[in-house]
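Asks: Can you keep this structure in mind? I'll have questions shortly.
In this note's numbering, the protein residues as written are 28 to 174.
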């Protein structure tokens, strides 16, 4: 699959969609789901949720259509950005200034953690959105009932 660069507006729209649907998309299969019927119901629910995400991203504003594969790839990319940045913030020798969105660390730290080099001057600009999507203990927006 070719890499698709996302605009900031598209990424923010995707965050909004993910905030509504991330519980279903990213929840692991419950341990008590063992029968083929229950597994099929679980997988069907996840497929339907991905179909909703796909529809919401492509309609009515979508200036360009996204494939389901591109949306899933972007979710994986966002998950890896969240994992890396949260690992950096938990490191004892790193401090983060929220107001300037800059990380302070030893100048040699990117040598030991090469993927962290992109955060050396700028932090993660969408950190609050990443936390809302990927952290379980944060409150989520209530779902609207569609009747």
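Ideal placement from N, C-alpha and C gives every residue a C-beta, glycine not left out.
On a predicted model such as this, the values are computed, not experimentally measured, just so you know.
One question on the structure: do residue 131 and residue 122 come within less than 8 Å of each other, judged by their Cβ atoms?
Replies: For the purposes of this step, residue 131 is taken as the residue at position 104 of the chain shown. For the purposes of this step, residue 122 is taken as the residue at position 95 of the chain shown. It is a contact, given that the beta carbons lie within the stated cut-off.
Asks: Ignoring anything shorter than 4 residues, give me the alpha helix (DSSP H) runs that lie fully in the segment 73-131, in order along the chain.
Replies: The qualifying runs are 95-117.
Asks: Indicate whether residue 151 and residue 93 have their beta-carbon atoms separated by less than 8 Å.
Replies: In the chain shown, residue 151 corresponds to position 124, counting from 1. In the chain shown, residue 93 corresponds to position 66, counting from 1. Against a cut-off of 8 Å, the Cβ pair of residue 93 and residue 151 comes out as no contact.
Asks: Buried or exposed for residue 156, going by 16 or more other Cβ atoms inside 10 Å?
Replies: Translated into the one-based positions of the chain shown, residue 156 becomes position 129. Buried.
Asks: Could you tell me if residue 39 is buried or exposed, where buried requires 16 or more neighbouring beta carbons within 10 angstroms of its beta carbon?
Replies: Along the chain shown, read from residue 1 onward, the residue named residue 39 stands at position 12. Per the 10 Å Cβ criterion, exposed.
Asks: For residue 151, report the span of its alpha helix (DSSP H) as first-last.
Replies: What you label residue 151 is simply residue 124 of the chain shown in a count that begins at 1. Counting along the chain, residue 151 falls outside any alpha helix (DSSP H), and DSSP gives it neither H nor E.
Asks: In three-state DSSP terms, what is residue 58?
Replies: For the purposes of this step, residue 58 is taken as residue 31 along the chain shown, with counting starting at 1. Of the three classes helix, strand and coil, the one that applies to residue 58 here is coil, per DSSP.
Asks: Since residue 41 is in the alpha helix (DSSP H), which residue starts that stretch and which ends it?
Replies: To locate residue 41, count along the chain shown from 1; it is residue 14. Taken as a continuous stretch (DSSP letters only), the alpha helix (DSSP H) holding residue 41 covers 35-53.
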